[in-house]
Amino acid sequence: MSNKAVIYSKPGEVEVKDIGYPDLVLRDGPGVNPLNVGRKCNHGVILKVITTNICGSDQHMVRGRTTAPSGLVLGHEITGEVVEVGSDVEFIKKGDIVSVPFNIACGRCVNCRQQDTHICLNVNPDRPGSAYGYVDMGGWVGGQSEYVMVPYADFQLLKFPDREQALDKIMDLTMLSDIFPTGYHGAVSAGVKMGSTVYVAGAGPVGLAAAHSAQLLGAAVVIVGDLNEERLAQARSFGCETVNLREHDNLGEQIAEILGVPEVDCAIDAVGFEASGHGQNAGEAPATVLNSIMEVTKAGGRLGIPGLYVTGDPGAVDKDAKEGTLKIRFGLGFAKAHHFVTGQTPVMRYNRDLMRAILSGRAQIAKAVNATLISIDEAPDGYKKFDGGASRKYVIDPHGMVRDRAQFTASATVN
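Going by the numbering used here, the first residue of the sequence shown is number 5, and it counts up by one from there.
Okay, structure coming up:
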């Protein structure tokens, strides 16, 4: 059986190739840690992928800003239907529609038992934590494909309670694998509560998810900053205030124009290491966001940092940044007694509650991030448009299931 997948080929390019149907063993391939080769996964399942999303984290690899090898299968945001179960799987059944947390977790180590599934000790021989289709994360095959193997199924998979309801809400539910929990984690880590004033750096999909999450948590005012006016317009579409940092290089002054004071209660970094300086002619400055959110967050405030920072960046602007050493004003953070939270999001800590918010109609995450459906063959073009600044969250529909269902529903409504 064929299995088309999106492959990183070289900086600036992805392509769609047949990688072969998966089985319940982690085979050798691009990016697979030698110590993981041949790992048997009778605790896993094979999914027919219903939706899989393009993430900003994928773009870092595609731009050549990591050590990702050519041929790496991309994709860590996966929603699918179970079509095969391993002999050690007890509670997940064929036909279940499930969301896959992007962090791979065994459920057995001390970190998993503490809900720190983002730093599982047993899935990546190099260091704690793993993810599908990502560089230096153990080599688990990515899910921007027609079929994918998912290990530790009983522990990891979030089963949707009703198949038809799930398919009706699939454009929202597909965000549960990463972007919605990641944005929500940023807001929770920043201490957002009823009446908070919040600054979100970055109006990409994670920033928009963080902004929507801040609203769900009761924020009084959410301000989103970005260099891209199209993305800022998307933030305004669901009630956020915005600051165009290409036109204004003093963030505090712009916040003061909105709030009357040049500070917020808390802030979220949804940009990461490829940050740009503020103003018309500013170039890349990887510590810009971290320093600016310290400047505008009140003393005693909290900073949520879901934006990605790496230990190896071959395209960095200086020698220090190539190894993740940035010029951060840590003394400022110390003086203001800021609380920092960094690292991958422990998706399983949040995804069930966020699923309920979606199914009840409380959360409108697909609308907030401008979810846009594409076929797997359109994925290379989707990557280019996303990298060009399109204010969209591209959702790949590998089998055409979502498209066909939408067309059938539209036809039935007309008739």
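Glycine residues also receive a C-beta, built at the ideal position from the N, C-alpha and C atoms.
Looking only at 10, 185, 226, 376, the smallest Cα-Cα distance to residue 202 is reached by 226.
Residue pairing of residue 85 in beta bridges, as defined by DSSP: 52, 101. Residue 90 is positioned such that its CB atom lies closer than 8 Å to that of residue 47. Following the DSSP letters along the chain, one finds residue 388 inside the alpha helix (DSSP H) bounded by residues 383-391. DSSP places residue 211 in the helix class (H, G or I) of the three-state scheme.
Within the DSSP secondary-structure output, residue 245 pairs in a beta bridge with 227.
For the set 379, 383, 204, 359, the Cα lying nearest the Cα of residue 163 is the one of 359. DSSP links residue 76 through a beta bridge to 12.
Runs of the alpha helix (DSSP H) lying entirely within the segment 155-187, each at least 4 residues long, are 157-160, 167-172, 174-177 in chain order.
With distances taken between CA atoms, residue 370 lies nearest to 238 out of 238, 36, 159. Beta-bridge partners of residue 270 (DSSP): 202, 306. With fewer than 16 other CB atoms across the displayed protein chains lying within 10 angstroms of its CB, residue 323 is exposed. Nearest C-alpha to residue 398 among 26, 405, 384, 411: 384. By DSSP's assignment, residue 343 forms a beta bridge with 306. The alpha-carbon of residue 286 is positioned some 44 Å away from that of residue 171. By the criterion of at least three beta-carbon pairs nearer than 8 Å, the segment 254-263 is not in contact with the segment 187-197. For residue 168, the number of other beta carbons within 10 angstroms of its own is below 16, and it is reported as exposed.
Check the Cα spacing between residue 59 and each of 258, 110, 275: the tightest is with 275. Following the DSSP letters along the chain, one finds residue 378 in no alpha helix (DSSP H) but inside the beta strand (DSSP E) bounded by residues 375-378. Judged by DSSP secondary structure, residue 22 falls within the beta strand (DSSP E) whose first and last residues are 17-22. With contacts defined as CB atoms closer than 8 Å, residue 93 and residue 152 fail to qualify as a contacting pair.
At a Cβ-Cβ threshold of 8 Å, residue 244 and residue 228 count as neighbours.
Nearest to residue 272 by alpha-carbon distance, out of 325, 188, 390, is 188. According to the DSSP assignment, residue 259 belongs to no beta strand (DSSP E) but to the alpha helix (DSSP H) extending over 255-263. For residue 139, there is no enclosing beta strand (DSSP E), as DSSP marks it with neither H nor E. Per DSSP, residue 314 lies in no beta strand (DSSP E) and is assigned neither H nor E. Between the alpha carbons of residue 250 and residue 222 lies a distance of about 29 Å. For residue 400, the enclosing beta strand (DSSP E) stretches over residues 397-400.
Where residue 288 is concerned, there is no enclosing alpha helix (DSSP H), because DSSP gives it neither an H nor an E. Annotated as distal: residue 390 and residue 148, with beta-carbon spacing of 8 Å or more. Going by DSSP, residue 367 is part of no alpha helix (DSSP H) at all; its letter is neither H nor E. The beta-carbon distance between residue 303 and residue 340, rounded to whole angstroms, is 4 Å. This is short enough to meet the 8 Å contact definition.
Collapsing the DSSP output to three states places residue 149 in a strand.
Per DSSP, reduced to three states, the secondary structure at residue 57 is strand.
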